[in-house]
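Residue numbers (this note's numbering): 67 to 805.
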């Protein structure tokens, strides 16, 4: 290089030190920062911020608390982990492909509710914000002291929680407890309780993407009859529509949908069809034309209709934050609007995060507009409103008589009022079976009791053992549905050999024997907000051994533990007296039990002190069992007492709100089993009766008598099972029997 062209370092330093140059550089840097403040980029996407950058945040200090729970949805442990050395928990509804386990990443739903628990108290925090939210959790004992009554200073643990949302205001509710059930009640007073589902929806659901045509549906339906496996619902995914146009049927594959539905109705079975909220942009499609003409689509930042790419191709997205849009959507479920529909057709809302294949993170741009609101402000509410409008449509089509059933993938606080939720697109892996338990438990803690995971796993193909174990686990979770991806081999329950078919059959049939109990617990959840599927610490809040357990759970008085791969024993924590529901073997608490298991074992236990009503005559569907008799399982505690309830109504209408039901308390004490009417002003007639009573933990009696209508009858009995020689009327008896 020539000398006269070489840079002079000293000159450069002087130029950089020039105040004018420094000011210009600072101005350029400020402009760059300002540009970022008003617009951000994500890969190939840009996000304009017409209102500039914003965030709201608040920190909480929880003295004496080590265990916090909630803020679903995450594929993680029940007890929330500290996030000091990793990412915070994210709440932002997303369509996630094959989600990672034990990760704070966002999934399909978001409920910004956290429960804090120790042996003295349970409290809750409800952060009411529908924008993207992050939750940081840390725990520390260093330097923290607590002054006790006698002036001793001892260190106590503190948990710190930081909430931060991208937009909105700080709107926080603190639930003070002090018991877990108090917190559930307090939260329910804010967001509502679990909807009371139709009885049939608590049965078994058979689904895959997709059943090919009407003949395929009929063949699968017949297969259940041939192999003596009960079910209530068969499902149709997106391929049943005419080119992904929802509220339609493929004219070739499903040419006569009413004929298909009538065939199911004749067997007292039902169907669910998918209706997603992305609407194909097609001038020949009635739904699209009406939404566009009414101005109901979400708008882009320039004021035009927002369009994205989803299953139909180019699609518009209805603005469900608008009450008039929701009312119109509900009207589309009327029988004269939804052609081919009948009263036994129910609805599945998928892809309602919303899913936008060509959007940032496979969802909607944050600067899309809902009237005067940016999408960033209301994102986590979208699926909530879709399910709300759909449920209202199913109610309206029956004139307000029939209860709806709607399954949603995306959800928010309060979604429990409109139906069921599932854990999304899981995989056929043992760890996904295992994670289904804490995921469902977390949902139950924040009010969403009607939840479950795809039995067998959605992606990939399960081993035979995994499939059997998943049926055995799913049979004891609230929402019980098998589902599979389009590219997986068929996996109807009878395709894995006679031995495995028998194991699956037994798991499903066990579910149906417990239908009265499931229904009763959902009635309780509807009235009180208490979860149906609950962790052990809810029932044993002062037992620290239960606080982190998430591989076993309670259905109020039933306990089950997880079944893993190639197990010969399972370890079960039993805080009190429990009875194996199969062998009637008694297990005394408090202890950890090592229970031998085989492929035919489902380790389920009934708590001593409880009475569980069951129906043991399993038929092809729950509706076929409506008038069948009951068996009462009475499990005695060390005091030789037990209590339970029995709830009966018509199973499908809102007539229970008009006091058309039976609700009785059952109690066993002093060798007498009695029944008390809990709703004297209610009126309902049933053809069912109590035909058998099983007493667990009793010594062999010398005589058993039934007292009814002033008469005494001697009953036949064995050591464990008492058989009635006289039908016990559910409406009239007060003292059922004396031993």
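Even glycine gets a Cβ: it sits at the ideal position worked out from N, Cα and C.
Exercise for review: Report yes if the C-beta distance between residue 476 and residue 169 is below 8 Å; otherwise report no.
Suggested key: As a position in the chain shown, residue 476 is number 410, starting the count at 1. As a position in the chain shown, residue 169 is number 103, starting the count at 1. No, the pair does not count as a contact, with Cβ atoms beyond the cut-off.
Check your understanding: In this structure, does DSSP put residue 258 in helix, strand or coil?
Key -> For this step, residue 258 is matched to residue 192 along the chain shown. Residue 258: coil per DSSP, three-state reduction.
Point to revise | For residue 301: DSSP bridge partner residues | key: By one-based count along the chain shown, residue 301 stands at place 235. For residue 301, which the question treats as bridged, DSSP gives the partners 338.
Practice item. Could you pull the start and end residues of the beta strand (DSSP E) that residue 728 belongs to? Key: Within the chain shown, the letter at position 662 stands for residue 728. First-last of the beta strand (DSSP E) with residue 728: 728-735.
Practice item. Identify which residue in 128, 509 and 701 has its Cα closest to the Cα of residue 596. Key: Sequence index remark: in the chain shown, residue 596 carries index 530 (1-based). Among 128, 509 and 701, the Cα nearest to that of residue 596 belongs to 509.
**Study point:** Assigned exposure category for residue 67 - 16 Cβ within 10 Å defines buried
**Key:** Position 1 of the chain shown, counted from the first residue, corresponds to residue 67. At residue 67 the pLDDT is 38, less than 50, meaning the model places this residue with poor confidence; the figure from the coordinates comes in the next sentence. Exposed, by the Cβ-count rule.
Check your understanding: Contact check, residue 486 vs residue 399 under 8 Å by CB: the rounded distance?
Key -> The residue given as residue 486 occupies position 420 in the chain shown. The residue given as residue 399 occupies position 333 in the chain shown. Not quite, the Cβ-Cβ distance comes to about 17 Å (not below 8 Å), so this is no contact.
Exercise for review: Counting only the same chain and skipping the five closest in sequence on each side, list residues whose C-beta sits under 6 Å from that of residue 498.
Suggested key: By one-based count along the chain shown, residue 498 stands at place 432. So the list reads 492 and 523, once near-sequence residues are dropped.
Point to revise | Runs of beta strand (DSSP E) wholly within the stretch 463-525 (minimum 3 residues, chain order) | key: 472-474 and 486-488
Check your understanding: When the distance is taken between beta carbons, is residue 301 closer than 8 Å to residue 280?
Key -> As a first step, residue 280 must be located in the chain shown, where it is residue number 214. As a first step, residue 301 must be located in the chain shown, where it is residue number 235. Contact: no.
Exercise for review: Would you please state the rounded distance, in angstroms, between the beta carbons of residue 353 and residue 385? I believe it to be under 8 Å.
Suggested key: As a first step, residue 353 must be located in the chain shown, where it is residue number 287. As a first step, residue 385 must be located in the chain shown, where it is residue number 319. Wrong, their Cβ atoms sit about 14 Å apart, outside the cutoff.
**Study point:** Span of the beta strand (DSSP E), counted from its first residue to its last, around residue 229
**Key:** As a position in the chain shown, residue 229 is number 163, starting the count at 1. First-last of the beta strand (DSSP E) with residue 229: 224-231.
Review point. Which residues in the same chain have their Cβ closer than 6 Å to the Cβ of residue 536, if we skip the five residues on either side of it in sequence?
Key: Taking the chain shown and counting its residues from 1, one reaches residue 536 at position 470. Excluding positions up to five away in sequence, the list reads 499, 521 and 522.
Practice item. Taking 8 Å as the cut-off, decide whether the C-beta atoms of residue 181 and residue 227 are in contact. Key: Translated into the one-based positions of the chain shown, residue 181 becomes position 115. Translated into the one-based positions of the chain shown, residue 227 becomes position 161. No; because the gap between Cβ atoms is not below 8 Å, this pair is not in contact.
Practice item. Could you tell me the boundaries of the beta strand (DSSP E) in which residue 699 lies? Key: For this step, residue 699 is matched to residue 633 along the chain shown. First-last of the beta strand (DSSP E) with residue 699: 696-701.
Practice item. Have a look at 531, 495, 532 and 540 and flag the residue whose alpha-carbon is nearest the alpha-carbon of residue 517. Key: Position 451 of the chain shown, counted from the start, is the residue given in the question as residue 517. Considering only alpha carbons, the answer is 540.
**Study point:** DSSP three-state assignment for residue 567, whether helix, strand or coil
**Key:** Residue numbering aside, residue 567 sits at position 501 when the chain shown is read from its first letter. Of the three classes helix, strand and coil, the one that applies to residue 567 here is helix, per DSSP.
Review point. If you compare alpha carbons, which of 185, 176 and 428 is closest to residue 161?
Key: Here residue 161 refers to the residue found at position 95 when the chain shown is read from its first residue. Nearest of 185, 176 and 428 to residue 161, Cα basis: 428.
Review point. Considering only residues of the same chain and omitting the five flanking positions on each side of residue 251, which have a CB-CB separation below 7 Å?
Key: On the chain shown, position 185 is the one that residue 251 refers to. Cβ within range, chain order: 594 and 595.
**Study point:** Residue from 643, 658 and 481 whose Cα sits closest to the Cα of residue 446
**Key:** Taking the chain shown and counting its residues from 1, the one referred to as residue 446 is at position 380. The shortest C-alpha separation from residue 446 is found at 481.
**Study point:** Top-ranked residue by Cα proximity to residue 165, from 402, 684 and 489
**Key:** Numbered from its first residue, the chain shown carries residue 165 at position 99. Among 402, 684 and 489, the Cα nearest to that of residue 165 is on 489.
Check your understanding: Identify the residues that DSSP records as bridge partners of residue 666: which are they?
Key -> As a first step, residue 666 must be located in the chain shown, where it is residue number 600. DSSP output for residue 666 lists no bridge partner at all.
Practice item. Taking all protein chains shown into account, decide if residue 565 is buried (16 or more other Cβ within 10 angstroms of its Cβ) or exposed. Key: Here the question's residue 565 lines up with position 499 in the chain shown. Burial call: exposed.
Practice item. State buried or exposed for residue 72, treating a residue as buried only when at least 16 other CB atoms are found within 10 Å of its CB. Key: Position 6 of the chain shown, counted from the first residue, corresponds to residue 72. Annotation note: pLDDT 49 at residue 72 (below 50); position unreliable, coordinate value reported separately. That one is exposed.
Point to revise | Local conformation of residue 323 per DSSP, three classes | key: Mapped onto the chain shown, residue 323 falls at position 257. Helix, per DSSP.
Check your understanding: How is residue 387 classed by DSSP in three states: helix, strand or coil?
Key -> As a first step, residue 387 is located in the chain shown; it is residue number 321 there, counting from the start. Residue 387 falls in the coil class under three-state DSSP.
Practice item. Check residue 659 in the structure and name its three-state DSSP category. Key: In the chain shown, the residue the question calls residue 659 occupies position 593. Strand, per DSSP.
Review point. Quick one: what's residue 379 bridged to in DSSP?
Key: Stepping through the chain shown from its first residue, residue 379 is reached at position 313. Beta-bridge pairing links residue 379 to 376.
**Study point:** Own chain partners of residue 599 with C-beta closer than 8 Å, once the 5 adjacent residues on each side are dropped
**Key:** Taking the chain shown and counting its residues from 1, one reaches residue 599 at position 533. For residue 599, same chain residues with a beta-carbon under 8 Å away, outside a window of 5 residues either side, are 506, 507, 510, 515, 517, 543, 544, 619, 620 and 621 in chain order.
Review point. What is the rounded straight-line gap between the Cα of residue 305 and the Cα of residue 766?
Key: Walking along the chain shown from the start, residue 305 turns up at place 239. Walking along the chain shown from the start, residue 766 turns up at place 700. Distance between the alpha carbons of residue 305 and residue 766 is about 59 Å.
Exercise for review: Determine, using beta-carbon pairs with one atom in the stretch 401-408 and one in the stretch 428-442, whether at least three such pairs fall under 8 Å.
Suggested key: no
Check your understanding: Hey, is the stretch 691-711 in contact with the stretch 719-727, meaning 3+ C-beta pairs nearer than 8 Å?
Key -> Segments in contact, no.
**Study point:** Supposed close pair residue 310, residue 420 - CB separation, criterion 8 Å
**Key:** Translated into the one-based positions of the chain shown, residue 310 becomes position 244. Translated into the one-based positions of the chain shown, residue 420 becomes position 354. Not confirmed; about 15 Å, so no contact.
Check your understanding: What is the DSSP secondary structure of residue 644, reduced to helix, strand or coil?
Key -> To locate residue 644, count along the chain shown from 1; it is residue 578. Strand.
Check your understanding: Any idea what DSSP makes of residue 71, helix, strand or coil?
Key -> Start at 1 with the first residue of the chain shown, and residue 71 comes out as number 5. Residue placement at residue 71 is poorly supported in this model, since its pLDDT is 41, which falls under 50; the coordinates are not used for a value here.
Review point. Excluding five sequence neighbours on each side, which residues of the same chain lie with their C-beta closer than 6 Å to the C-beta of residue 69?
Key: Counting from one through the chain shown, the residue named residue 69 turns up at place 3. Confidence in residue 69 is poor, its pLDDT being 38 and thus under 50, which makes the residue's placement too unreliable to answer from.
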